[in-house]
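What follows is a set of notes on a single structure, which appears directly below.
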Amino acid sequence: MLTEKKISYTGVFDRYRSLLNIPAHTQRVSLLEGNTPLIPLPRLAAELGGGFDLWAKFEGMNPTGSFKDRGMTVAVGEAVGRGSRAIICASTGNTAASAAAYGAAAGLRVVVLIPQGKVAAGKLAGAVAYGAEVIQIDGSFDDALNLVVEISQRQPILLVNSLNPYRLEGQKTAAFEICDTLGEAPDWLCLPVGNAGNITAYWMGFQQYHELQKTKLPQILGVQAAGAAPLVLGHPVDYPETVATAIRIGRPARGEQALTAAQESNGRIIAVSDDEILDMQRRLAGNGVWVEPASAAGLAGLKRELQEQRIDVRGKRVVAVCTGHGLKDPEIIARSMQPPLQLPPTADALETYLQKGME
Ligand code: F0G
C-alpha cells in the first residue's frame, strides 16, 4: 500500500500567506510556483571584473517559465474567492501564458490580448496550450492594456495585469525568498523593467521583510531596453521597439512607483541597447543559465554600470533577477546565433571535425 509522503513545498501562497495583504476570501490556486533557485555565477562575476558575489534568481524555473506565476497564483485565487468566472489581461506573452495556466487550474474563462507579431513563440504556444482565448491586436502592448482596463470596467471579467494589486502581493515573495536564502537582502538587485510591476513588487517585499526581520534593503538597478525606455527618457514612447519583446512597453502602468523604488533604494533606472542585451543573454547561457532576452537586461545594465565605473560592487553581493526561461523565445537564438554544423554521418567526418578543434 502506498503511504502518503509529506509534501514539503506547496507554493508561495502557503509559504508566505501571513505576509500577503489579501482579502480573507482568497483561495489557494497553486501550481507550486516559487522556490526558484538562486544560482551562483562566479565565472560571470569574474568576467565582469570580479571581486563581488553574483547570483541569478532564475525565475524561468516557475511552472510556466516566468516570474508571472508568483503573482498569478494570488490574483487568480482572489478572483475565484470573489466569485469571478472570467479573467482578462493584456500581455507581451508571459502574463498571458501564466493567466492561461492558473485560469485553467481554477476552471475560469481566460481572455488574453497580445500585440500581433510581437510575442515570442513559446509564450503564444503556452497561452494556446493552456486553453486561453487569445486575441491579437494590430497595436502595441500599451494599446492592449488600455482596452482590457476599459472592458474590465464594463463587463464582469476580472483584470489580472499588474494593475491588480494582488499580482504584486504574490510577486513580492521573490524578495522574501532571496532574503531567506542569503540571510539578508543583497547589496544590489538588478532587474529588467517593462510595465514596472515587478520592480515595484520587489521593493515592497524587501521593505516589508526589513521592517519585520531587519534584513536590510538593496539598491535597485532597473533596466529598460533603449528602444522602450520611457522611465529613462522621462516621457512615454509611442512606438517602442526592442528585441526583448517582453519589455516592449512605452507607457508603464506602474512607472511612477518604479521611479520611487529606484530613488528610495538609492538605485536608478537605466537603458541598454539590444546588442548589450543579446551579448548578456549569450554570456549567461555560457554559464549554463539560458534566459529570454528581456531577462538578461538586468545584468546587461550591471555590466554597463561597472564598465563606466558608475557603480562599485567590490566585496558586495549582487542578485540579478532572470525573469523568464530561454525556451520562451527560441527564434531569437536562430536569428542571433550560428545554425548547427552539418556533417556526413561517418566517424571519419566526425574525427576530422574534432581534430580541428584540438590543433
Ligand atoms: N521580464 C520578462 C520575461 C517579462 O515578461 C516582463 C514583463 C518583464 C521582465 C518586466 O516586468 O512588466 O513587471 O516590469 N512582461 C509582461 C507580460 C509585460 O505581459 O508578460 P514588469
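Our numbering numbers the first residue of the sequence shown as 1 and each following residue consecutively.
Built from N, CA and C at the ideal position, the CB exists for glycine as well.
Looking at residue i: is its Cβ nearer than 8 Å to the Cβ of residue j?
i, j, result
"Val-361", "Gly-77", "Nothing in the structure corresponds to residue 361, since the chain is present only between 1 and 359."
"Ala-90", "Leu-113", "yes"
"Lys-316", "Trp-188", "yes"
"Asp-329", "Gly-126", "no"
"Glu-169", "Val-237", "no"
"Leu-163", "Ala-253", "yes"
"Gly-65", "Ile-87", "no"
"Ala-271", "Ala-334", "no"
"Gly-255", "Ala-228", "no"
"Tyr-130", "Ala-175", "no"
"Ala-79", "Ala-100", "no"
"Gln-219", "Gly-267", "yes"
"Leu-302", "Leu-20", "no"
"Gly-81", "Pro-23", "yes"
Can you give me the C-alpha to C-alpha distance between residue i and residue j, rounded to a whole angstrom?
i, j, result
"Ala-201", "Arg-167", "9 Å"
"Asp-69", "Asn-62", "7 Å"
"Leu-44", "Ile-137", "40 Å"
"Ile-151", "Ile-157", "8 Å"
"Leu-278", "Glu-308", "19 Å"
"Val-134", "Ala-97", "10 Å"
"Pro-40", "Ala-349", "38 Å"
Indicate, with yes or no, if ligand 1 has a heavy atom lying under 7 Å from the CB of residue i.
i, result
"Asn-360", "For the chain, the structure presents residues 1 to 359; residue 360 sits outside this window and is missing."
"Asn-94", "yes"
"Ile-270", "no"
"Pro-330", "no"
"Ile-178", "no"
"Pro-165", "no"
"Ile-277", "no"
"Ala-79", "no"
"Ser-152", "no"
"Phe-141", "yes"
Taking the beta strand (DSSP E) that residue i falls in, what are its first and last residues?
i, result
"Lys-328", "Premise fails: Lys-328 is in no beta strand (DSSP E) and is neither H nor E."
"Gln-136", "133-137"
"Ile-247", "From DSSP, Ile-247 is part of no beta strand (DSSP E); its letter is neither H nor E."
"Arg-70", "First-last for Arg-70: 68-81, but that is the alpha helix (DSSP H), not the beta strand (DSSP E)."
"Pro-115", "109-115"
"Trp-188", "188-192"
Note the first and the last residue of the continuous alpha helix (DSSP H) segment covering residue i.
i, result
"Phe-58", "Element bounds for Phe-58: not the alpha helix (DSSP H) but the beta strand (DSSP E), 53-58."
"Gly-255", "255-264"
Inset, instruction - Evaluate contact between the segment 23-32 and the segment 279-287, counting only Cβ atoms and requiring at least three cross-stretch pairs below 8 Å. - result: A contact is defined here as three or more CB-CB pairs under 8 Å, and the segment 23-32 fails this definition with respect to the segment 279-287.
Legend entry - Cβ pair count under 8 Å reaching 3, the segment 230-250 against the segment 184-195: With contact defined as three or more Cβ pairs closer than 8 Å, the segment 230-250 and the segment 184-195 are in contact.
Legend entry - Inter-stretch contact (C-beta, 8 Å, three-pair minimum) for the segment 316-327 and the segment 296-303: yes
Inset, instruction - Could you tell me whether the segment 334-344 touches the segment 101-109, where touching means 3 or more Cβ pairs closer than 8 Å? - result: no
Inset, instruction - Examine the Cβ distances between the segment 141-150 and the segment 174-187 and report whether three or more of them are shorter than 8 Å. - result: no
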